[in-house]
Every structure is written in structure tokens, then in C-alpha cells.
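Novice: The structure that follows is given in the form of C-alpha cells.
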Amino acid sequence: MPKFAQVAIALPIDRLFHYRIPENLSGEIAVGKRVFVPFTNRRVVGYVVGFSEEADVKEVKDIEGIIDKEPFLTEEMLKLTRWIKDTYFCSWGEAIEAAIPGGIKKGKKELGTRIKGSEAQAEDFLITGKHKPTEEQSKALKSVIETIDKKEYVTFLLHGITSSGKTEVYLQAIDHALGKGRQAIMLVPEISLTPQTVERFVSRFGDKVAVIHSKLTPAKKFLEWKRIKDGKADIVVGARSAIFSPMSNLGVIIIDEEHETTYKQDDVPRYHARDVAEERAKLNNCPLILGTATPSLESFYKAKHGEYKLVKLTKRIDDRLLPKVKIVDMRMELATKKRITIFSKVLLDAIENTLKKGKQAIIFLNRRGFSTFINCKSCGLVLKCRRCDTVLVYHFEEKKLVCHYCGYTQEPPDICPKCRSGYIKYSGLGTERVESEMSRQFAGAHISRMDSDTTTKSGSHDKILGKFKSGQTSLLVGTQMIAKGLDFPEVTLVGVVSADVTLNIPDFRASERTFNLLTQVAGRAGRGEHAGEVIVQTYVPGHYAILTAAKHDYEKFYEEEIKSRKELLFPPFVNLVKIVVRARNDELALKTAQGLADAIRGEDKEAKVAGPAPAPITRMRGYFRYNILLKGKDRTAMCALLRKVLGSFRKPHGVLIAVDVDPISM
Ligand code: ADP
Ligand code: ZN
Ligand code: ZN
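Per my numbering, the sequence shown starts with residue 8, numbered consecutively.
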């Protein structure tokens, strides 16, 4: 029996720890089991990942106890978490803890644990039948089914416009996998935003489905996890972390809306569920299906270059037409009306028409609050957050100024805090203002608003949508929350108050995000028998993201966007690693960042290192932040380089360094 166990611990320390295996435990120890080990003055949970005859330190402590009778981590999970550690710059222990439910991390015994609360109740499910696939769907299914049968890893990019029948393809692929005695994972961006999709899975497969979402209590989460582990649920539908579901015999993995940024975790380990899924599909020899109407540039690039297999659904079911999109040039409105207006005449007329016909409209603006910019007309002072470099947003209902980045709030001042004048001007608009202007313009119309301010209470989300569905409200104003997945046949008009909100964000993905959002929100119109109309207001009507979205032309958008990515050397041509150095002291943060960038350049003359440069929002929650950006083709190599540099880098007290591989934003 080996003398020492190599133990992974969930600390931000990039190494394994050696512990002696006491005589009495030597028969029980095994890779994949959890153990209690002493660490500094505490007792912590660790994960046995290997053995060795030699210890790497002189004073080796003993393992105090073994938690599991049977190995808790499968070989697959060990490989997968190890890959995450190598790819996303975290410790192995941190990667393992991202993959398991809360209670388990604290060393809870898996067997014989009693959990209060009712077991998942066996309800009577209405099992709904499947549709006869269309020609395009059949073709897509055929290639997927082949790989399931051959136990082959392939990533399919299922590129299909909204309502082209992608979900039906997922359902039938899963059905096939189940028929072969295998299991399925289906990821959705966010459970609460996709109730209709989840409903379809439950009504097709009944209690074979486990739905994992963030609102489950830890006990409930654990129960679902256990149900999956025990083989009682064959299908998991869930958000990002559901990719780690403890299935032993996966037959297919599906990621719906693969372009969504919620698949990237913004905490350590900062993994992307799409990439983890790819790795898991490889380990299981099963297909991965990425479905979307607007593929991420990364995925479409891979499909074009043969790394993914492209499958297209080009027609809507029932041949319904895509809605006509009209672009309104707000510069012209400004020129004729001599003032900034919220709604163009075109949009106002269209709303009025819709209401007259007894139909419904969705009005979209991706910014919440009332006024988004408050300044003094006398001295020019702009009201900013105390802790961040951000402007405060006025919220009418609460009568408060709010920082959307840190949550800081303050009373709106009557007089300027700097020059004491009374000329405080409120400008810029958010959904709250849109709602109030609409109720002024359309007295008598029933309007509701959906954004993160109106949906904080649990159940409020369903309530707003319920009222809209039943026709109690006829106008729905909202942020990106209403852009996704909603399927209301009476909606014939979608108005985009400003397409420029996301376009103006200083980020290389701004155009992509704008194209995606416009396409998605446009897809909400005309889902019933009546044709839909979309009106997009903008000050940059010639921008390719807006033009191509209006024409529903993804490929053209891709062509334009990929050119600029290539020119500026951004993904998919390279992988990025963003290093954020922050401190409360500005000078200290900058000096440290400079030192670190120099050290990285010194270690690898080949590395493409940019910065340090101030982060787009330089001060956040009282911390000054500087970014260093690495560009390269090999994430693992970049991580290895950083491990080496940071391993010997002397980080001053009070400075924090975070590493983000494949960051979503700058
Ligand atoms: P997507 O996921 O691409 O938006 P869905 O799979 O939700 O598309 O299909 C859109 C609508 O068409 C749904 O109401 C679905 O039930 C229906 N549908 C899908 N496939 C078929 C089919 N082959 N025959 C008839 N109806 C279908
Ligand atoms: Zn002033
Ligand atoms: Zn703030």
C-alpha cells in the first residue's frame, strides 16, 4: 500500500497536498473518496486524487478520516475537473467543488443522510406525443442518432431560426438515447427565463426528468442530485452547473441557446459550460448538440472549419414568415422635432394600430430605471457612485439614485452637491421611463413592465407573464428578460426603443450581443396566425449588426464581424486571458500590474501581452482595477505560463489578482 495520498483541497492554492495514510485506514483509502484532513489549524474536506511513495514536504500530517465507503468521484469526474484546472486557472479542489452540490462539500455523508422536506412528488404527468419530423428535422436527427448509436463524439451546431423546430430535435434525440438505455443532459441559459421549454421536457418525459435550478434549496438540490446518481432520473434539464450532473451513461448532451453568456461562470472556476460539455462528450463518446438561431462567433467559426458539424434548419414550422423589420433613423426624428424623443411617430402609430386591433406588443429597451444620467446644468457635475466610476440611475418608484454595478443607493439631491444650484437635470432613459411615457401616450392601455426591478419577489415573474398571456395586459415593456423564449401568439408588434444600448458598450462582443438581442426580440413577434412587425429605433441605422439583424441574415453578420475579429486579433482567432489586478490604492494597483505584466513578458518573449490598461470601469466597489490581456492559441500553455510567473511573483499586501480565461467582457 502506498504511504501517502495526494489530496486536492478547494483553496486557491495551485498544488496537491500530501497526507500520510494511517495503518488503520490503509484498507479503505481509494482515489475518488473524500477525506477529512488537517489544514493549518482547521479540519477540511479533501479529495483523494492519487498516491505517492514520497512526500513533497518534511512534516506530513495524517489523514484523519475517510468519509465515503465507495469512491465518490468517478474517474470521469476526476478527468473532467482536472481538465478544468488546467484550462481555467484554478486549483483542482476548486474545480471539484464546482462540480458537486453544497452539502457534499462540507463532508456530508451520502448514504443514510436524512433530509427534511418532501421527496420529489410523483405527480401525474401528461405525456405529450412527438411530432412527425419535417424533412430538415429528419436530416438533423439522422446524423445525431447515428453518432449516438456508434458511440461517437461529434459536436453538432444546430443553426435554426426561431420556431424552426430545434427543441423538437432535442426531444427526439433524447428519446432515442433513452431507448438505448442511455442518459441525457440538456442545458438552458436560465430556468426561470425558459419555463415553456422546461414544461415541454416534463410533459414529454414525465418524472424521468430532473430539473435543476438555482432557486432550489440546498436540500432539494441534493435530493435531485442523488436521484440522478442513483439512476432514477435519466434526463437533466438545468442551467450551467447541470453539466456536472452525476450521470454514468451519457448518450447525448444538448446546449440550447449556446451563444448565451450565462454559460460562462463569473466566479472561480471561471469555466464555460460549452467547453466543459465538449470535454464531457468526448469522455463519454457521445454527441453534443449546440442549438441556436444566432451562433457565437466561436462556434460558427469551428463549424466552418470542420471542427463542429453544421446542421441547418432554415424553415419555420408551418412556413410562418419571419417578421418584417423596419429601422427608424432617430437622427431624422431629432432633426424634424428639434428635440430628443423617446418614441418615433412610426412606433407610436404602430402601437396604436396594434391596440386598436386588440393585439399585443412587446416594447424592448435593455436598460432599467427611469433616468440614466443626472447632471447639474449650472456646473456640469454628473452624479456618480461613491464607490465606482459609474453614473447613478434614477429609479422613480423607489425615488432613489442607484448604482447598477454595486447596488449603492442615495436620495436624489434637490440642489447640486457641488455648486448648490437647483438646476438638476434628469436625462437618458430606462424601462421605467418608457413605461411611464407609454401610459401617458396610451391612456387606458394596460401596461406591465418586466425587468430585474419588478421581478425580485418570487412568483412576480410568472404573474407578469400570466397577465400578459391571458390578455389582461396588452403592452409589455422590458429588458433582455423579455427577449428570450417567450411564445405569445397575440403579439404582433415588437418595438425596440433603442438598439444602441448594447452597441455602445466598449467591448469586442458589442456587435455580436446587439445582433443576438435584436434577432431574439424580433422573434417574439408574429408567432401566431398573424404576421408580425418589428420596429427598431437607432441613431446608427447603417451599422451592420442592425442591418443584418433586420434582414435576419446571420451569415452576412458573421462575414462582417469575423473580419474585424481577425484584424484586431480577437476570438475566435485567439484565446484571451484577462488578468485583473485591483487594490484600494490606485498607485499600488497600477504599479503591481506593471510589475506583473513585465514579469510575464520576461518569462515568454513570444507571449502577446497587452497592458496594463485601466479596466473600462476603472474603479468598482472602491477598488481600482487594471487589466492585463494575454492573447494566444493555447489556453493550457497560457495558464501554465501564468502559474509559473505568479508562483514567484511577490504580490504586495492589499492587492488582489484574478485570472479569467476566455473572458466574456473586458
Ligand atoms: P425552436 O426550438 O426552433 O424555436 P420548436 O421546436 O419549439 O422550435 O418548434 C416550434 C413549434 O412547432 C412548437 O410549437 C413545436 O411544438 C412545433 N413543432 C416542432 N416540430 C414540429 C413538427 N415536425 N410538426 C409539427 N409541429 C412541430
Ligand atoms: Zn452644480
Ligand atoms: Zn457603485
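By construction, the Cβ of each residue, glycine as well, lies at the ideal position given by its N, Cα and C atoms.
For R346, is the classification buried or exposed, using 16 other Cβ atoms within 10 angstroms of its Cβ as the cut-off for buried?
Specialist: Its Cβ having fewer than 16 others within 10 Å, R346 is exposed.
Novice: Does ligand 3 have a heavy atom nearer than 6 angstroms to the CB of R394?
Specialist: Yes, the Cβ of R394 comes within 6 angstroms of a heavy atom of ligand 3.
Novice: Give a yes or no on whether the C-beta atoms belonging to I635 and G502 are separated by under 7 angstroms.
Specialist: Going by C-beta atoms, I635 is not nearer than 7 angstroms to G502.
Novice: Rank R50, L194 and D93 by C-alpha distance to the C-alpha of G72 and give the top, closest one.
Specialist: When each option's Cα is compared against that of G72, the closest is R50.
Novice: Less than 8 angstroms between C-beta atoms, sequence neighbours within five positions excluded: which residues of the same chain meet that for F11?
Specialist: Closer than 8 angstroms at the Cβ level, and outside the excluded window around F11, lie H25, Y26, R27, I28, F58, S59, E60, E61, A62 and V67.
Novice: In this structure, how does DSSP classify L424 when only helix, strand and coil are distinguished?
Specialist: It is worth fixing the name first, because residue 424 is Pro in this sequence and not Leu. DSSP places P424 in coil when its eight states are reduced to three.
Novice: Once the 5 residues before and after L118 are set aside, which same chain residues still bring their CB inside 6 angstroms of it?
Specialist: At L118 the pLDDT is 43, less than 50, meaning the model places this residue with poor confidence; the figure from the coordinates comes in the next sentence. Correct list: empty, nothing qualifies.
Novice: Taking 6 angstroms as the cut-off, is the beta-carbon of K319 closer than that to any non-hydrogen atom of ligand 1?
Specialist: Result no, Cβ not under 6 angstroms from ligand 1.
Novice: For G502, which of helix, strand or coil comes out of DSSP?
Specialist: Correct three-state label for G502: strand.
Novice: Using a 10 Å radius around the Cβ and a threshold of 16 neighbouring Cβ atoms, would you call C395 buried or exposed?
Specialist: C395 is buried by the Cβ-count criterion.
Novice: Please identify the residue among K227, A620 and E175 whose C-alpha is closest to the C-alpha of S210.
Specialist: Selected option, being the one with the closest Cα: E175.
Novice: List the endpoints of the continuous beta strand (DSSP E) containing F163.
Specialist: Segment T162 to G167, the beta strand (DSSP E) holding F163.
Novice: Relative to the alpha-carbon of V616, which residue among L472, N291, S378 and L576 has its alpha-carbon at the smallest distance?
Specialist: Considering only alpha carbons, the answer is L576.
Novice: I'd like to know whether the C-beta atoms of L87 and R287 end up nearer to each other than 7 angstroms.
Specialist: Yes, the pair counts as a contact, with Cβ atoms nearer than the cut-off.
Novice: Just checking, does the segment 206 to 225 make contact with the segment 242 to 249 on the three C-beta pairs under 8 angstroms criterion?
Specialist: With the cut-off at 8 angstroms, the segment 206 to 225 and the segment 242 to 249 touch.
Novice: Can we count Y749 as close to ligand 3, meaning its CB is less than 6 angstroms from some heavy atom?
Specialist: No information on residue 749 is available, as it lies outside the stretch 8 to 673 that the chain covers here.
Novice: Let me check you understand the geometry: is the CB of Y401 closer than 6 angstroms to at least one non-hydrogen atom of ligand 3?
Specialist: No, ligand 3 has no heavy atom inside 6 angstroms of this Cβ.
Novice: Taking only runs that begin and end inside the segment 24 to 74, name each unbroken alpha helix (DSSP H) of 4 or more residues, in chain order.
Specialist: Taking only runs of at least 4 residues, no alpha helix (DSSP H) segment lies wholly in the segment 24 to 74.
Novice: If you check the beta carbons only, do V44 and I74 fall under 7 angstroms apart?
Specialist: No, Cβ-Cβ distance for V44 and I74 is not below 7 angstroms.
Novice: Can you tell me whether DSSP reads K322 as helix, strand or coil?
Specialist: Looking at K322 - three-state DSSP - the assignment turns out to be coil, as it is neither helix nor strand.
Novice: Could you name the residues that DSSP lists as bridge partners for F631?
Specialist: A590 and R626.
Novice: According to DSSP, is G618 part of a helix, a strand, or is it coil?
Specialist: Strand, per DSSP.
Novice: Drop a sphere of 10 angstroms on the beta-carbon of C386, count the other beta-carbons inside from all chains shown, and report buried for 16 or more, exposed for fewer.
Specialist: Exposed.
Novice: Mapping the DSSP letters down to three states, classify G661 as helix, strand or coil.
Specialist: If DSSP states are grouped into helix, strand and coil, G661 belongs with coil.
Novice: Do S385 and ligand 2 come close, with the Cβ less than 6 angstroms from some heavy atom?
Specialist: The answer is yes for S385.
Novice: Closest to I553 by CA distance: which of A532, K573 and N523 is it?
Specialist: Nearest option by C-alpha distance: N523.
Novice: Using only the heavy atoms of ligand 2, determine whether one of them is closer than 6 angstroms to the beta carbon of C97.
Specialist: The answer is no for C97.
Novice: Put Q144 into one of helix, strand or coil per three-state DSSP.
Specialist: Q144 falls in the helix class under three-state DSSP.
Novice: Is any non-hydrogen atom of ligand 2 found closer than 6 angstroms to the C-beta of L408, if you look at the structure I gave you?
Specialist: Incorrect: L408 has no Cβ contact closer than 6 angstroms to ligand 2.
Novice: To which residues does DSSP link G435 through a beta bridge?
Specialist: G435 pairs with nothing; no bridge assigned.
Novice: Would you kindly work out how many angstroms separate the C-alpha atoms of K573 and S518, rounded to a whole number?
Specialist: Cα to Cα, K573 sits roughly 15 angstroms from S518.
Novice: Since I454 sits in a beta bridge, which residues does DSSP pair it with?
Specialist: According to DSSP, I454 bridges with L482.
Novice: Using the C-alpha atoms, what's the distance from F96 back to L362?
Specialist: Looking at the two C-alpha atoms, the distance is approximately 54 angstroms.
Novice: Which runs of the alpha helix (DSSP H) fall wholly inside the segment 263 to 347 and span at least 4 residues, in chain order?
Specialist: Those alpha helix (DSSP H) runs which fall completely within the segment 263 to 347 and span 4+ residues are 280 to 291, 304 to 311 and 337 to 344.
Novice: What do you reckon, are the CB atoms on A452 and S481 nearer than 7 angstroms?
Specialist: Result yes, Cβ atoms of A452 and S481 sit closer than 7 angstroms.
Novice: I need the DSSP call for H402, collapsed to helix, strand or coil.
Specialist: Looking at H402 - three-state DSSP - the assignment turns out to be strand.
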